[in-house]
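Notes follow once the structure below has been shown.
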Amino acid sequence: VLVSASTASLLGTDGLRDLGEHRLKDLSAPERIFQLGEHDFPALKSLYRTNLPVPATPFLGRESELAEVLSLLSREDTRLLTLTGPGGTGKTRLALQAAAEASDAFPDGVFWVPLAPLRDPTLVLETMAQAVGSQNGLAEHIADKEMLCLFDNFEQVVEAGAELADLLAACPNLDVLVTSRERLRVRGEQTYPVPPLAENDGKALFIARARAVDPSFVESDAVSELCVRLEELPLALELAAARTALFSPEQLLERLSQRLDLLKGERDADPRQQTLRATIEWSYDLLSEEEQRLFARLSVFAGGCSFEAAEQVAAADPDTLQSLLDKSLLRKRESELGPRYWMLETIREYAAERLGISGQAGDLHRRHAEHLLALAQRLAPHLPVTREWLDEVEAEHDNVRAALDRLGAVGETQLAQLLAEAIWRFWKLRGHQAESQRRFDALLAADDRPTSARAHALNAAAGMAVENNDYLTGRHYAEEALAIHEERGDAWGTARSFYMLGYAAIESGDFETAMPLFEKTVELLTDLGYEHFAGMATFNLAWACEELGEVARAKELTEQNLVRARSIGSPALEATALVELAAQARDEGLIGEALSLTANILRIHVDLGDVPHQLDTFSRFAFIHAKAGHSDLAAQLLAASLALHEELGLNVPLYQQGRNEEIVSLLHEQLGESTYADASELGRALTLDEAIALALGEAD
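Here our numbering runs 5 ahead of the position in the sequence shown, where the first position is 1.
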C-alpha cells in the first residue's frame with residue numbers, strides 16, 4: 006500500500022518506508038511517497054524526465070479526444086502530430102494531458118517547449134535544445150533516444166516547421182506533439198482538429214470554475230444555454246465563470262448574448278474565434294478603468310513578469326493585479342525566484358491591441374526595455390558573474406528577446422546595443438552563442454555611430470567571437486572599440502578593449518602578441534581598482550609567460566592571483582589560479598595534489614553553473630590521470646568532455662585541443678586502439694552530471 010506524505014504524517018513513521026519523491030501521471034507536482042508494509046513494492050513509474058508544467062486545475066472531460074490523441078501518438082507512422090484550432094479551444098491542456106499519459110512510451114523523457122513568447126523562427130530549435138538539456142547539436146544529443154517533445158503555440162513561428170521535419174528525419178525515435186492555430190504543412194504531419202467541449206463537459210467545466218469563485222454557486226437552466234452560446238470553448242467558459250460572483254447565469258447569458266449578436270455579421274471569420282473575441286471584449290468592458298489600463302500594459306511582458314516588474318513597468322498595485330487574476334485574465338505560476346504573472350497568448354494579443362489603441366505602446370515598450378537593462382546592470386561588467394544573476398536573467402530572457410526585437414523595429418538601436426552588451430555574459434555561459442552573435446551582428450550593422458553604446462557592444466561582440474573561435478573578427482571588433490573608447494576618454498572601456506585584444510591573441514596561440522596586451526590591461530585595471538577583472542588579465546598574463554618560458558614569473562603571478570581571489574571573494578578568479586597550481590603539481594609528479602586542486606576547480610564551476618569550464622576541467626582531469634597511468638579513467642573523462650562539447654554546440658578552444666591531442670597520444674600507447682575505443686565509448690555515454698560524479702568520485 007502506498008500513502009502520500011500528508012497521510013504518513015497522520016499515521017506516524019513506524020512501519021513506513023520512504024520511497025522518495027515521485028511525479029506521477031496526473032501531472033501533479035513531485036510528492037514524497039511512503040510504502041506501508043515490509044514487502045518490496047514494484048518500482049514506481051515517475052515522470053522525473055520531464056519539464057511538463059503542473060496545471061493549476063484538474064483535467065475535466067475530453068475523454069474521447071484524449072483517447073484519440075493517444076491512439077494517434079502510439080501509431081508508428083505518426084511522428085509529428087499537430088493539434089489545431091482557434092485560440093481558447095483547450096489545445097494546450099489536452100496536449101499536456103496526452104503527453105503525460107503517453108510518458109511510459111518515452112523512457113528518455115517528455116519535454117514541453119513553450120513558443121508563445123517567440124516571433125523568430127530561428128529560435129525554435131534553440132528553445133527546444135534548452136528544454137531537453139542541449140544548447141545546440143540537437144540531432145547528436147537526441148540521436149536514437151525515445152523522446153517526446155510538445156511544442157506549444159507554434160502558429161507564429163510556422164516557418165520553423167521545415168527544420169523540425171529535418172530533425173525528425175535525423176532522430177528515428179523522436180516524436181513531436183504540436184499545438185497551433187494552423188498546421189505546419191511539412192512532410193509526415195498528422196493533424197487533429199480540437200473540437201469544442203462536449204455539452205456535458207462544457208457544463209461541468211463552467212460549474213467547476215464557478216464554484217471555485219463562489220462555493221455556493223447553484224446550477225440553473227441558464228448554464229446549459231450559456232455554454233451553448235459560448236460554443237463550449239474552454240477559455241470563453243472560464244472567463245464567463247469568473248464573473249459568477251457578480252452575475253447570475255441568467256444575467257451572464259443576457260449580457261453576453263448582446264455582445265455575441267454584434268459579431269454575427271462578420272461571416273468571413275471563424276465563428277469560434279468570433280465567440281472567443283466577444284467574450285474577451287466583454288470581460289474587458291467589465292473592468293474598471295484602472296484594471297483596463299493595467300491589463301493593456303501587462304501585454305508588454307512576453308515571458309511573464311514578477312510583481313516588482315509589473316509594478317515598475319506597468320504601475321501595477323497588488324489589488325488591481327489580484328483582480329485580474331480573479332477574473333482569469335491573468336495567470337500566476339510559482340518559480341524558484343518567486344511568483345510570476347502571465348497571460349494566455351490569446352488574451353495577451355487582445356491586451357496588446359488595447360495598448361496600441363491607448364497610444365502608450367511606445368512609452369511602455371521603452372520602459373520595459375529600460376527595466377530589463379537596469380536588471381542586467383545590477384551586476385557591474387567588471388565584477389564576476391554570480392549564479393543568482395544568471396538565474397534572474399534566465400527568467401527574463403523571453404522579455405529581453407521581445408525588447409530587442411521591438412527596439413530594432415523602431416530604430417532604438419543605442420538602447421538595444423546597451424541591453425545586448427549588459428547580458429552577453431549570460432548568453433555566453435548559458436549556451437546562447439549562436440543567437441548572441443546574430444543579434445550583435447545585426448545591431449552593430451544597424452547603427453555604426455561611434456557612440457559609447459556601440460563601443461561597449463563591440464567589446465562584448467569581440468568576446469563572443471573569440472568564444473566561437475573567430476579570432477580575426479574578435480580582434481577587429483576590439484580594435485574598433487578601443488579607438489572609440491580612447492577618443493571618448495573611457496578608461497574602463499579602453500581597459501576592456503585591451504583585454505579583448507589580448508584574449509583574441511592568446512586564444513589563437515599568439516602568446517608573444519598577448520603578453521604586452523595583458524600587461525597593459527593589468528596596469529589599467531589596477532589603476533581603476535577593478536580587482537576581479539585585473540585578476541583575470543593576470544591569469545592570462547601568467548599563461549603567456551609560462552608558454553614563453555618565463556616559468557618563475559608565471560608562478561609568482563599565479564600565487565599573487567590566488568591571494569587576490571580569496572581576499573575579494575571571487576570563486577571564478579580563484580579557479581583560474583588553481584588551474585595553474587594544479588598544472589604545476591601535475592608536471593612535478595604530485596598526482597594527489599593535482600587531483601585535489603582540480604576537484605576544487607570543478608566544484609567552483611559547478612556552483613557557478615559554468616558549463617564550458619566544467620568540460621575543460623574534465624580534460625584537465627584526463628591529463629592528470631593519463632600522466633599517472635589511470636588510463637581507462639582518463640579515456641572516459643576525455644571522451645565525455647569531447648562528446649559534451651559536441652552535444653552542447655560548444656567550440657573546443659585551441660589550447661584545449663592541444664592538450665587533448667597529447668592525452669590521446671599517451672592513451673594510445675598505454676591502452677592500444679581497441680581498449681581505448683571501449684573506454685571512450687563509456688565516456689561518450691555519460692551525461693554531464695554523471696561525468697561530474699565520475700571525476701569528483703575518483704579525485705576524492
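Quick reminder that beta carbons are idealized off the backbone N, C-alpha and C, glycines included. Note that the structure is a prediction, hence the values are computed from the model and not measured.
#### Entry: Whole runs of the alpha helix (DSSP H) within the stretch 401-485, excluding any shorter than 4 residues
402-414, 418-434, 438-451, 457-472
### Start-to-end residues for the alpha helix (DSSP H) that takes in GLN641
Taking the first residue of the sequence shown as position 1, residue 641 is located at position 636. Unbroken alpha helix (DSSP H) run through GLN641: 636-653.
### Message
Applying the 10 Å Cβ sphere with the 16-neighbour rule, what's the burial state of ASN404?
### Response
Translated into positions along the sequence shown, residue 404 becomes position 399. The residue is buried, with at least 16 neighbouring Cβ atoms inside 10 Å.
### Task
Alpha carbon to alpha carbon, how far is ALA170 from GLY193? Give it in angstroms, no decimals.
Indexing the sequence shown from 1 puts residue 193 at position 188. Indexing the sequence shown from 1 puts residue 170 at position 165. Cα-Cα distance, rounded: 8 Å.
### Query
Roughly how many angstroms separate the alpha carbons of ALA134 and LEU143, rounded to a whole number?
Taking the sequence shown and counting its residues from 1, the one referred to as residue 134 is at position 129. Taking the sequence shown and counting its residues from 1, the one referred to as residue 143 is at position 138. Each residue's Cα considered, the two are about 6 Å apart.
### Message
For GLU145 and GLY114, I'd like the C-alpha separation in whole angstroms.
### Response
Residue numbering aside, residue 145 sits at position 140 when the sequence shown is read from its first letter. Residue numbering aside, residue 114 sits at position 109 when the sequence shown is read from its first letter. Each residue's alpha carbon lies about 16 Å from the other.
### Query
So, helix, strand or coil for LEU693, using DSSP?
As a working mapping, residue 693 is identified with position 688 in the sequence shown. The answer is helix: DSSP assigns LEU693 an H, G or I state.
### Task
Count the other C-beta atoms from every protein chain shown that fall within 10 angstroms of the C-beta of PRO239, then say buried if there are 16 or more, exposed otherwise.
Here residue 239 refers to the residue found at position 234 of the sequence shown. Answer is buried; the Cβ neighbour count reaches 16.
#### Entry: Option nearest ARG190 by Cα separation, candidates THR418, ALA165, ASN178
Here residue 190 refers to the residue found at position 185 of the sequence shown. ARG190 has its Cα closest to that of ALA165, out of THR418, ALA165, ASN178.
### Query
With contact counted as at least three CB pairs below 8 Å, one residue from each stretch, are the stretch 100-119 and the stretch 610-630 in contact?
no
### Query
Under 7 Å, do LEU153 and ASP180 count as touching if we go by C-beta distance?
Taking the sequence shown and counting its residues from 1, one reaches residue 153 at position 148. Taking the sequence shown and counting its residues from 1, one reaches residue 180 at position 175. Yes, these two residues count as a Cβ contact at 7 Å.
### Query
Can you give the Cα-Cα distance for CYS550 and VAL183, rounded to whole angstroms?
Numbered from 1 along the sequence shown, position 545 holds the residue referred to as residue 550. Numbered from 1 along the sequence shown, position 178 holds the residue referred to as residue 183. Cα to Cα, the separation comes out at about 55 Å.
#### Entry: Ranges of the alpha helix (DSSP H) found wholly within the stretch 112-148, counting only runs of at least 4
129-137, 143-147
### Task
Look at the alpha carbon of ARG459 and the alpha carbon of ALA450, and state the distance between them as a whole number of angstroms.
Taking the sequence shown and counting its residues from 1, the one referred to as residue 459 is at position 454. Taking the sequence shown and counting its residues from 1, the one referred to as residue 450 is at position 445. If you take the alpha carbons of ARG459 and ALA450, they lie about 10 Å apart.
#### Entry: Bounding residues of the beta strand (DSSP E) (the contiguous stretch that carries PRO198)
Stepping through the sequence shown from its first residue, residue 198 is reached at position 193. Unbroken beta strand (DSSP E) run through PRO198: 194-198.
### Query
Can you tell me the Cα-Cα spacing of SER583 and PHE626, whole angstroms?
Walking along the sequence shown from the start, residue 583 turns up at place 578. Walking along the sequence shown from the start, residue 626 turns up at place 621. The residue asked about is misnamed: residue 583 is Leu in this sequence, not Ser. Between LEU583 and PHE626, the C-alpha separation is close to 13 Å.
### Message
Measuring straight from C-alpha to C-alpha, what distance separates ILE596 and VAL163?
### Response
As a first step, residue 596 must be located in the sequence shown, where it is residue number 591. As a first step, residue 163 must be located in the sequence shown, where it is residue number 158. One C-alpha to the other measures close to 55 Å.
### Query
Could you give the residue range of the alpha helix (DSSP H) that holds PRO628?
Translated into positions along the sequence shown, residue 628 becomes position 623. Looking at the sequence provided, one finds Phe at residue 628 rather than Pro. From DSSP, the alpha helix (DSSP H) with PHE628 extends over 616-633.
### Counted within 10 angstroms of its Cβ, other Cβ atoms place THR62 as buried (16 or more) or exposed
Along the sequence shown, one-based indexing puts residue 62 at 57. By the neighbour-count rule (16 or more Cβ atoms within 10 Å), THR62 is not buried but exposed.
### Query
What are the boundary residues of the beta strand (DSSP E) that TYR346 is part of?
Here residue 346 refers to the residue found at position 341 of the sequence shown. Per DSSP, TYR346 belongs to the beta strand (DSSP E) from 345-347.
### DSSP-derived helix/strand/coil call for LEU182
For the purposes of this step, residue 182 is taken as residue 177 along the sequence shown, with counting starting at 1. Strand at LEU182.
### Task
Mind checking which residues open and close the beta strand (DSSP E) that includes THR89?
On the sequence shown, position 84 is the one that residue 89 refers to. Per DSSP, THR89 belongs to the beta strand (DSSP E) from 85-89.
### Task
Drop a sphere of 10 angstroms on the beta-carbon of LEU130, count the other beta-carbons inside from all chains shown, and report buried for 16 or more, exposed for fewer.
Indexing the sequence shown from 1 puts residue 130 at position 125. With 16 or more other Cβ atoms within 10 Å, it is buried.
### Query
GLN263: buried (16+ other C-beta within 10 angstroms of its C-beta) or exposed?
Taking the sequence shown and counting its residues from 1, the one referred to as residue 263 is at position 258. With fewer than 16 other Cβ atoms within 10 Å, it is exposed.
### Residue from GLU106, ASP206, ALA213, THR87 whose Cα sits closest to the Cα of LEU57
Residue numbering aside, residue 57 sits at position 52 when the sequence shown is read from its first letter. The option with the nearest alpha carbon to LEU57 is GLU106.
### Query
Since LEU155 is in the beta strand (DSSP E), which residue starts that stretch and which ends it?
Along the sequence shown, read from residue 1 onward, the residue named residue 155 stands at position 150. Element bounds for LEU155: 152-157.
### Task
Could you check if PRO389 is buried or exposed, using at least 16 other CB atoms within 10 Å of its CB as the buried criterion?
The sequence position of residue 389 within the sequence shown is 384, counting from 1. Classification of PRO389: buried, given that the 10 Å Cβ count is 16 or more.
### Task
Following the continuous alpha helix (DSSP H) through LYS96, name the residue where it begins and the one where it ends.
Here residue 96 is taken as the residue at index 91 of the sequence shown, counted from 1. Here the alpha helix (DSSP H) through LYS96 covers 96-106.
### Task
Can you have a look at ASP157 and say buried or exposed, based on whether 16 or more other CB atoms are within 10 angstroms of its CB?
For this step, residue 157 is matched to residue 152 along the sequence shown. Classification of ASP157: buried, given that the 10 Å Cβ count is 16 or more.
### Query
Could you give the distance in angstroms between the alpha-carbon of ALA690 and the alpha-carbon of ALA645?
Working through the sequence shown from its first residue, we reach residue 690 at position 685. Working through the sequence shown from its first residue, we reach residue 645 at position 640. Those two C-alpha atoms are separated by around 7 Å.
### Query
In its own chain, which residues sit with a C-beta less than 8 Å from the C-beta of ARG392, not counting the 5 before and 5 after it?
Along the sequence shown, one-based indexing puts residue 392 at 387. Same-chain partners within the cutoff: ASP612, LEU613, GLY614.
### Selected residue, minimal CA-CA separation from GLY534, among GLY554, GLU552, GLU417, TRP497
By 1-based counting over the sequence shown, the position of residue 534 is 529. Among GLY554, GLU552, GLU417, TRP497, the Cα nearest to that of GLY534 belongs to TRP497.
### Query
By a C-beta neighbour count over all protein chains shown, 10 Å radius and 16 as the cutoff for buried, is LEU649 buried or exposed?
As a working mapping, residue 649 is identified with position 644 in the sequence shown. Buried.
### Task
Spatial neighbours of LEU659 within its chain, please: CB distance less than 6 Å, with the 5 preceding and 5 following residues excluded, ordered by chain position.
Along the sequence shown, read from residue 1 onward, the residue named residue 659 stands at position 654. Cβ within range, chain order: GLY514.
### Query
How about the stretch 237-255 and the stretch 87-96: do they share at least three Cβ pairs that are nearer than 8 Å?
yes
### Task
Return helix, strand or coil for CYS310, following the three-state DSSP convention.
Locating residue 310 in the sequence shown gives position 305, counting from the first residue. Reduced to three states, the DSSP call for CYS310 is strand.
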